[in-house]
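K.L.:
Residue numbering for the sequence shown follows the numbering used here, starting at 61 and increasing by one per position. Glycine included, each C-beta is placed from N, C-alpha and C at the ideal position. If you're wondering where the values come from, they're calculated on a predicted model, not measured in any experiment. Once you've had a glance at the structure underneath, I'll fire off some questions.
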Amino acid sequence: MASVESGFGVEVRGEEGTWHVAILNPAGEVVAERACHDGAEARTYASTVRQHIHWLSSEKFREYYRIEGTVEGTVEGTVEE
61 MASVESGFGV
71 EVRGEEGTWH
81 VAILNPAGEV
91 VAERACHDGA
101 EARTYASTVR
111 QHIHWLSSEK
121 FREYYRIEGT
131 VEGTVEGTVE
141 E
């Protein structure tokens, strides 16, 4: 699920014992990933990331999640059409 505002997205990946939350750039590439203890933790963390995608500017979001570089397809926090 990508945000219209920033182009970033988040996915919960895993099953019993191997849960991860992946942050995706507008091209769908994983730019950050976090291991989680279980599905509940993964869903909670993913929900927080989704809120940050919508609330923070692209620049602040990249800073907060330590995502390197600029993101193609975004200009001042919006997706180019």
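1. For the candidate residues 91, 105 and 109, whose alpha-carbon lies nearest to that of residue 97?
2. Which value, in whole angstroms, describes the spacing of the CA atoms of residue 121 and residue 95?
3. Give me, in chain order, the residues of the same chain whose beta-carbon lies closer than 6 Å to that of residue 91; leave out the 5 immediate sequence neighbours on both sides.
4. Using the Cα positions of residue 66 and residue 113, report the straight-line distance between them to the nearest angstrom.
5. So what's residue 127 in DSSP terms, helix, strand or just coil?
P.N.:
Result, derived from the coordinates:
1. Taking the sequence shown and counting its residues from 1, one reaches residue 97 at position 37. If we check each option's Cα against that of residue 97, 105 comes out closest.
2. For the purposes of this step, residue 121 is taken as residue 61 along the sequence shown, with counting starting at 1. For the purposes of this step, residue 95 is taken as residue 35 along the sequence shown, with counting starting at 1. It is roughly 19 Å from the alpha-carbon of residue 121 to the alpha-carbon of residue 95.
3. In the sequence shown, the residue the question calls residue 91 occupies position 31. Around residue 91: 83, 85 and 127.
4. If you number the sequence shown from 1, residue 66 lands on position 6. If you number the sequence shown from 1, residue 113 lands on position 53. Rounded to whole angstroms, residue 66 to residue 113 spans 7 Å at the Cα level.
5. Along the sequence shown, one-based indexing puts residue 127 at 67. Residue state, collapsed to three classes: coil.
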